[in-house]
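Shown next, in structure tokens, is the structure this report addresses.
Residue numbers (the numbering used here): 125 to 314.
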């Protein structure tokens with residue numbers, strides 16, 4: 125059995141609608157599945173410049189940036205005005221993924237990193253699909269992507285739901301990225 129690397133990635137977005145939100149930050153790190161360790165120097169992180177005016181958002185079919193999202197994500201409009209263009213960030217991210225293909229930059233989708241995250245199946249994957257459709261590489265005829273392994277998808281939120289479906293871990297019964305570290309006694313700072 126071949127064990128592909130796992131790319132744990134996360135988006136910060138300017139609104140909650142996975143079909144229309146603007147990604148404002150993309151971060152990823154690679155896990156060597158054979159060693160179960162983070163691959164040294166494998167961090168990818170970039171902000172993405174969003175559209176700010178209602179006219180631009182309407183033209184591109186995206187939601188405007190919401191103040192509540194900025195507060196939660198810790199960004200300001202001023203910081204994001206200087207962020208790189210999303211197309212450039214996406215191209216850099218796709219090149220980053222190729223570096224961790226088991227057969228190198230020319231390797232195919234079966235040797236591409238698997239994708240992982242927290243609530244990525246329900247949220248982040250939809251943003252990846254939108255980015256592929258807009259900037260490439262296009263999805264195949266079945267809606268599959270070539271940047272990640274075709275069907276290996278590790279969603280830590282699903283694993284947490286399986287473990288804690290019958291246990292209330294806080295007064296709100298939340299299993300968010302903030303709730304889990306608190307439950308296990310870890311800091312949620314940063």
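Quick reminder that beta carbons are idealized off the backbone N, C-alpha and C, glycines included.
Spatial neighbours of residue i in its chain, beta-carbon cut-off 6 Å, leaving aside the 5 residues before and after
i           : result
residue 244 : 279
residue 238 : 128, 130, 273, 276
residue 281 : 242, 243
residue 186 : 144, 146
residue 236 : 225, 272, 273
residue 181 : 175, 188
From the options, residue whose alpha carbon lies closest to that of residue i
i           : options            : result
residue 138 : 160, 189, 168, 159 : 189
residue 198 : 286, 231, 136, 187 : 136
residue 184 : 163, 283, 210      : 210
residue 140 : 236, 258, 192, 303 : 192
residue 286 : 275, 274, 248, 299 : 299
residue 258 : 177, 212, 208      : 212
residue 263 : 246, 233, 282      : 233
residue 176 : 235, 266, 281, 207 : 207
residue 163 : 196, 181, 202, 221 : 221
Spatial neighbours of residue i in its chain, beta-carbon cut-off 8 Å, leaving aside the 5 residues before and after
i           : result
residue 261 : 218, 269, 270, 271
residue 296 : 303
residue 200 : 194
Within 8 Å, strictly: CB atoms of residue i and residue j
i           : j           : result
residue 231 : residue 225 : yes
residue 307 : residue 293 : yes
residue 215 : residue 143 : no
residue 134 : residue 252 : no
Contact set for residue i: own chain, Cβ-Cβ below 7 Å, skip 5 residues either direction
i           : result
residue 174 : 138, 146, 148, 189, 204
residue 132 : 152, 153, 155, 240, 241
residue 157 : 127, 128, 129, 130
residue 267 : none
residue 178 : 188
Presumed contact (8 Å Cβ cut-off) between residue i and residue j, rounded CB distance
i           : j           : result
residue 130 : residue 228 : Between residue 228 and residue 130 the Cβ distance is about 18 Å, and since that is not below 8 Å, they are no contact.
residue 284 : residue 304 : 6 Å
Meets three-Cβ-pair contact criterion under 8 Å: the region 140 to 151 and the region 162 to 181: yes
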